[in-house]
Structures are given as C-alpha cells and as structure tokens.
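Participant: First to last, the sequence lines map onto chains A and B.
Heads up: the first sequence begins at 1 in UniProt numbering, then just goes up one per residue.
Heads up: the second sequence begins at 1 in UniProt numbering, then just goes up one per residue.
Questions regarding the structure given below will be posed in turn.
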Amino acid sequence: MKEEILLLHKPYYPKFHVQVLFKSRLLINCPLTVMTVPTTQSAFDRTCQTFLSHSKKIGDTWRWVTPGAYLAKTVWVVDNSNEETASKDEESALHEPSDPAILSPAKPGITLEFHVIYSTTYACPVLYFCGHTSAGTGLSLEDIRQTVKGHMPDLDEQKRTEYDMPVVSQKDHPILGIPFYFIHPCHTADVTAEMLEACDSDANYFVFWLSLVGQLFSPLRLVEVGYVTSETCCR
Amino acid sequence: MHRCSYLPLVTESVREVFVKSGVAFTGHDADIWYEYRGVPLKWHYPIGLLHDLLTSQYRGSSPLPWHIIIHFTNFPTDKLIRINAANIIDTPHDSFMSMIKEADYIRNGSIKKLMSLSKQDQTNLWQGLSSHDYDKFWNVNARLVTNDNTIPKYIPLRVYLLDQPVIQEPVAPVDDNLDCEYTLRDILGRMLPEIFPPSLDAPTTEGADNTRKSDASEAVAILHGIVIPIETPILWLSQNCSYPDNFLHIVICR
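In structure tokens, the structure reads:
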C-alpha cells in the first residue's frame with residue numbers, strides 16, 4: 001500500500017507552518033538513514049548522495065551535476081495553456097521524465113529544470129528553476145505558470161516572505177552565471193528548526209525540505225511518493 | 001554615472017536624452033539594456049564593479065569615459081535578469097535590499113539587526129543610494145557596517161574573475177583565537193592558491209618556484225577602480241571600502 005504524505009500548511013506568507021500527516025501507518029521497506037541538517041557543503045554533498053540512491057530506487061529522475069556539486073531534475077510538461085492540446089491523462093501530463101524517446105512531437109510542451117544548490121551564506125539548500133520551450137527559448141514565470149495545468153497559484157511573484165523578500169524572484173545561477181528563478185532561503189532555517197522538532201532522528205530532512213518548498217509548485221510534484229516511511233517519523 | 005549605483009536608476013534620464021535627439025522609442029524602460037564590447041551588462045551589479053570587471057584587463061589602454069552601448073530592443077532574458085515592467089525601480093530595489101540583508105546575515109548569523117531598523121530607516125537606505133544623498137544613506141548604513149564595534153562572524157565578500165563563477169564563501173575576519181587579523185592576501189591565498197600562492201618570504205626551493213612567483217606578482221585585486229594593497233586587513237576593508245550593498249566586490253586581474 002502506498003504511503004501518502006499530506007502537507008498541510010498555512011499560506012507561505014507571513015509564516016510557513018508545517019504539519020505532516022500520514023494516511024497509512026504501514027512501514028515501507030526502504031532503508032532509513034540518519035540525516036541531519038546539512039550545515040556545510042560536504043555535509044550537503046553526503047546528504048544528496050543518500051537522497052540520490054533513494055531517488056534511483058523509486059524511479060525518480062534527480063541527478064548529480066559536477067562541476068558545481070548540485071542536484072538537478074528535468075521535467076517535461078505538456079502545454080496546457082491551449083486546452084485543446086492538453087493531455088487527457090492529467091497525472092502523467094504533470095511530470096514525465098525528459099527521455100526524448102517518449103516525447104511526442106504532436107504534444108507541445110515545455111521543459112522545467114530544477115536545481116538544488118547549497119547556499120554557503122544561509123547554510124541550507126536553495127531551489128532554483130527555469131523553463132524553456134522546445135525551441136530553447138527561456139520562459140518568464142508567468143509563461144511557466146500558464147503552461148502548467150493548475151497554474152501553480154502559490155508560485156506568485158507578488159508574495160513576500162516574513163523578512164519582506166520576494167518568495168520567488170530571479171538571480172544569477174551560482175554555477176552557470178545565467179538568470180534562474182529561485183525560492184528565497186531566508187525562511188528555510190526557521191522552518192527546518194520546526195521540522196527537526198517534529199521529526200525524530202530517522203527522518204529524512206532533505207526530502208521534507210524538498211517536499212515543503214515543492215508545495216509552491218503544486219500541482220506539479222518535485223518529490224515522488226515513496227521516500228518517507230515510519231509511522232513514528234513525525235508527530 | 002556613479003560607481004555606487006545601478007544601471008536601471010539612470011535608464012529614465014538616458015532614455016530621455018536619446019528620445020530628444022531623435023531615437024524613436026515607444027517601448028518600455030524595462031526593455032532597455034546596456035552592453036560593453038558584446039557583453040550584456042548585469043544591471044544588478046554596481047556600476048563600479050561592472051567597470052572594474054570588464055575594463056581591468058585593458059588597464060592603461062581603456063581610459064575614461066567608459067563607452068557603453070544602450071539597446072532599446074531584444075532584452076536578452078537568457079543573460080540578464082528580467083526587470084518588472086510595472087515599475088523598473090522595484091526590481092533593483094529588491095535586489096539591493098536582498099544583498100544588504102544577506103550581508104547582515106553573513107556578519108551576524110541573522111538579519112535581526114537589519115529588521116530592527118525602522119521602516120523609515122530601511123527606506124532611507126535605498127532612497128539615500130538612489131538619490132545620491134550621502135548623509136541620508138550613511139546615517140543608517142554606518143550602524144550596519146560598524147556593527148556596533150563587534151567583530152562580525154564572517155565578511156560579506158564576493159570575488160570576480162572573468163573566466164569563472166563568482167566566488168562567495170565564508171570568510172572569517174580573524175582567526176579562532178581572535179588575535180590575528182586576516183589580510184586580503186590570507187583570504188585570496190585560500191580562495192585562489194594558484195593565483196595567490198603563499199607569501200613570497202616563505203622558504204621555497206629554487207628553480208621551479210621562480211615561475212610561480214612571477215605569475216603571482218602579476219595578479220592584483222581591484223576594488224572601486226584601484227589596486228588594493230594585498231596586506232590590507234579584510235575587516236578594515238569591509239568597514240571602510242564596501243559598496244553600498246555592504247559587500248566587498250573584488251575583481252582579480254591577472
């Protein structure tokens with residue numbers, strides 16, 4: 001039976017509170033590792049390698065990129081801005097791997113690139129993303145939102161964090177040096193502390209963080225179901 | 001243009017000059033961008049940093065005034081951060097405040113100090129910068145950079161070279177015993193050991209090391225258009241020579 005993680009959260013602004021519930025209390029046979037908040041680049045690297053081994057096991061498509069030492073995932077999304085061309089299968093339309101062998105030229109779509117890069121300033125991971133058409137043209141946030149089914153209403157350039165910074169804005173990608181959208185990390189440390197209080201030492205911090213920040217992209221999913229287990233994981 | 005300012009802040013007056021002299025421009029100020037020798041200028045970099053980064057390699061052969069090209073179309077969104085068309089000052093303002101907050105976090109491990117400033121003080125920071133009102137700016141900023149005379153945890157510093165990503169990593173101003181102030185040489189020696197090898201006074205073997213020494217002597221650190229003496233303490237530099245966003249933006253020229 002599949003576990004499902006429900007993240008109930010109040011609106012991201014002004015404060016992001018997290019309660020994690022489990023629909024089922026069955027233990028899935030997946031080895032748990034003790035993970036702590038990565039407070040250094042090398043700790044982040046180790047956390048990512050463990051995450052990647054779980055990712056491969058459940059068929060998720062996160063990969064490790066060097067030089068630069070960061071996680072990346074490419075998601076192909078059917079263009080839903082014109083309803084006539086939208087895929088009838090809503091679930092698979094939201095996130096299919098970018099394997100060219102299964103892309104259909106008849107279905108217009110965009111490519112979303114997600115990168116998780118460690119911030120030495122804030123000592124936490126930061127999520128960067130960008131979107132391109134099949135012709136390689138970069139997309140604005142509004143274009144991306146209009147294309148994805150559901151329009152990702154929480155991914156709003158007008159929203160501000162508790163520290164009066166835009167929740168989502170652009171900056172230079174730390175490795176590639178070109179503009180990427182990113183989710184501001186100024187709030188991550190506070191939320192991390194909350195999560196660590198709520199989870200015991202067997203919890204997969206990194207998956208929780210990625211699920212949290214990934215909620216902004218709902219209904220698009222950054223983390224596949226199947227990572228987290230243990231009924232005692234979170235209170 | 002002021003070194004300690006940003007390109008979008010001059011766009012309106014520059015556009016007026018061109019339109020008056022006959023350029024038919026009906027677009028939006030957010031579409032305007034600048035370029036030097038084929039390189040689109042990152043508007044979120046201070047103008048002084050852009051100049052140091054792109055002209056230091058031509059030291060001696062590229063005198064002022066700095067000639068840059070203005071474009072009214074084809075904003076290169078693959079290379080430059082988009083500017084909010086509704087108000088072109090909003091995006092540079094957010095970018096600047098984000099840097100100031102990051103600098104505060106780097107120094108103190110939190111942005112409580114900055115958030116404890118009144119709303120008016122925070123506004124005065126930006127307005128002082130954008131209107132070149134030195135006193136208005138420094139009345140607020142002095143509190144941030146002097147840090148009430150406490151030694152910051154780390155120094156807000158970014159190091160730029162033309163051919164690699166920007167380097168930003170934790171830089172402590174003093175050693176753990178608090179009795180040795182790190183100099184620019186110490187910091188750059190750790191970040192870029194191949195460009196700034198250990199002190200020339202250190203005992204080395206002859207022969208092979210002579211080439212390294214001569215390569216090292218050609219690399220310089222440039223800040224605000226001047227070559228910084230490599231033995232300058234980094235804490236003093238941070239408190240006295242930071243840009244308005246509270247960062248030291250140092251260009252390495254080989």
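In this text, a Cβ means the ideal position worked out from N, Cα and C, and glycines have one as well.
Please classify residue 224 of chain B as buried or exposed, where buried requires at least 16 other C-beta atoms within 10 Å of its C-beta.
Facilitator: Residue 224 of chain B comes out buried.
Participant: How many angstroms separate the CA atom of residue 251 of chain B from the CA atom of residue 188 of chain B?
Facilitator: Looking at the two C-alpha atoms, the distance is approximately 11 Å.
Participant: Using a Cβ cut-off of 7 Å (strictly closer), state whether residue 35 of chain B contacts chain A.
Facilitator: No - not a single Cβ of chain A is within 7 Å of the one on residue 35 of chain B.
Participant: Taking the alpha carbon of residue 42 of chain A as the point to measure from, which residue in A:70, A:55 and A:62 has its own alpha carbon closest?
Facilitator: It is A:70.
Participant: Could you check where the alpha helix (DSSP H) with residue 241 of chain B kicks off and where it finishes?
Facilitator: Element bounds for residue 241 of chain B: 234–241.
Participant: Between which two residues does the alpha helix (DSSP H) harbouring residue 126 of chain B extend?
Facilitator: Segment 119–130, the alpha helix (DSSP H) holding residue 126 of chain B.
Participant: Between residue 78 of chain B and chain A, is the shortest Cβ-Cβ distance under 7 Å, so that the two count as touching?
Facilitator: Yes, contact with chain A.
Participant: Considering only the beta carbon of each residue, do residue 171 of chain B and residue 155 of chain B sit closer than 7 Å?
Facilitator: Yes, they are a contact pair.
Participant: So is residue 168 of chain B buried or exposed if we call it buried at 16+ other beta carbons inside 10 Å?
Facilitator: Residue 168 of chain B comes out buried.
Participant: What does the alpha-carbon distance come out to for the pair residue 193 of chain B and residue 106 of chain B?
Facilitator: Their backbone Cα atoms lie some 23 Å apart in a straight line.
Participant: If we ignore side chains and look at the alpha-carbon of each, how far apart do residue 102 of chain B and residue 121 of chain A end up?
Facilitator: Rounded to the nearest angstrom, the two C-alpha atoms are 7 Å apart.
Participant: Since residue 113 of chain A is in the beta strand (DSSP E), which residue starts that stretch and which ends it?
Facilitator: Where residue 113 of chain A is concerned, the enclosing beta strand (DSSP E) stretches over 109–119.
Participant: Based on Cα-Cα distance, which residue from A:161, A:65, A:147 and A:186 lies nearest to residue 117 of chain A?
Facilitator: When only C-alpha atoms are compared, the closest one is A:65.
Participant: How would you write the range of the alpha helix (DSSP H) that residue 19 of chain B sits in, first residue to last?
Facilitator: Here the alpha helix (DSSP H) through residue 19 of chain B covers 8–20.
Participant: According to DSSP, is residue 4 of chain B helix, strand or coil?
Facilitator: Correct three-state label for residue 4 of chain B: coil.
Participant: With a threshold of 16 other CB atoms inside 10 Å of the CB of residue 65 of chain B, please say whether the residue is buried or exposed.
Facilitator: Classification of residue 65 of chain B: exposed, given that the 10 Å Cβ count is below 16.
Participant: Whole-angstrom Cβ separation of residue 130 of chain A and residue 163 of chain A, contact assumed at under 8 Å?
Facilitator: About 24 Å; that fails the 8 Å criterion.
Participant: To be precise: take each residue of the UniProt domain "Autophagy protein ATG5 UblA" (2–72) of chain B, compare its Cβ to all Cβ atoms of chain A, and keep it if any distance is under 9 Å. Which residues remain?
Facilitator: The UniProt domain "Autophagy protein ATG5 UblA" (2–72) of chain B vs chain A, Cβ under 9 Å: 42 and 44.
Participant: Evaluate residue 104 of chain B with the Cβ neighbour count: other Cβ atoms within 10 Å of its Cβ, from every protein chain shown; 16 or more gives buried, anything less gives exposed.
Facilitator: Burial call: buried.
Participant: Comparing alpha-carbon positions, which option in B:152, B:98 and B:180 lies nearest residue 244 of chain B?
Facilitator: For the residues B:152, B:98 and B:180, the minimum Cα distance to residue 244 of chain B belongs to B:98.
Participant: Near residue 213 of chain A, what residues of its chain come up, given a Cβ to Cβ distance below 6 Å and the 5 sequence neighbours on each side ignored?
Facilitator: Hits under 6 Å: 127 and 183.
Participant: For a cutoff of 7 Å on Cβ pairs, would you count residue 90 of chain B as touching chain A?
Facilitator: So no, residue 90 of chain B is outside the interface.
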